[in-house]
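The block underneath contains the structure these notes are about, expressed in structure tokens.
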Amino acid sequence: MGDDDQHHSSTPNPDSSSTATSTTISTSNRKSVHQSLGGGAVPPMYHKFQDHIDDKLNVTHKALSRQYSKIDENILSKLSKAPVKDKKIQ
1 MGDDDQHHSS TPNPDSSSTA TSTTISTSNR KSVHQSLGGG AVPPMYHKFQ DHIDDKLNVT
61 HKALSRQYSK IDENILSKLS KAPVKDKKIQ
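Numbering (full-length UniProt numbering), first residue to last: 1 to 90.
In structure tokens, the structure reads:
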């Protein structure tokens with residue numbers, strides 16, 4: 001199916017001693033982060049509900065911008081700014 005279904009194995013070098021054993025690491029039992037987070041379900045869902053999602057994001061962006069403007073006006077703009085220090089050149 002995809003890259004997640006591959007089995008990775010490492011085999012000993014034929015020139016190495018005969019007591020070396022091969023190690024097989026199976027990744028089929030572990031989920032990748034991509035699979036855990038929906039495995040590609042977000043793009044089809046966004047495509048289906050794009051207009052609704054974009055509208056909600058625009059409303060949220062406007063509300064957050066207004067809140068930031070209030071904070072900037074009432075608090076951040078009143079904070080004293082540290083003077084710029086000259087770097088010493090040796």
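Cβ atoms here follow ideal geometry from the backbone N, Cα and C, with glycine treated the same way. Keep in mind it's a predicted model, so treat the numbers as computed, not measured.
Quick one: give me the first and last residue of the alpha helix (DSSP H) that residue i is part of.
i	result
Lys-62	50-74
Ignore the nearest five residues each way along the sequence and tell me which others in residue i's own chain have a CB closer than 7 Å to its CB.
i	result
Gln-78	Looking at the sequence shown, residue 78 is not Gln but Lys. Around Lys-78: no qualifying Cβ.
Apart from the five residues just before and just after residue i, which ones in its own chain have a Cβ nearer than 6 Å to its Cβ?
i	result
Asp-86	none
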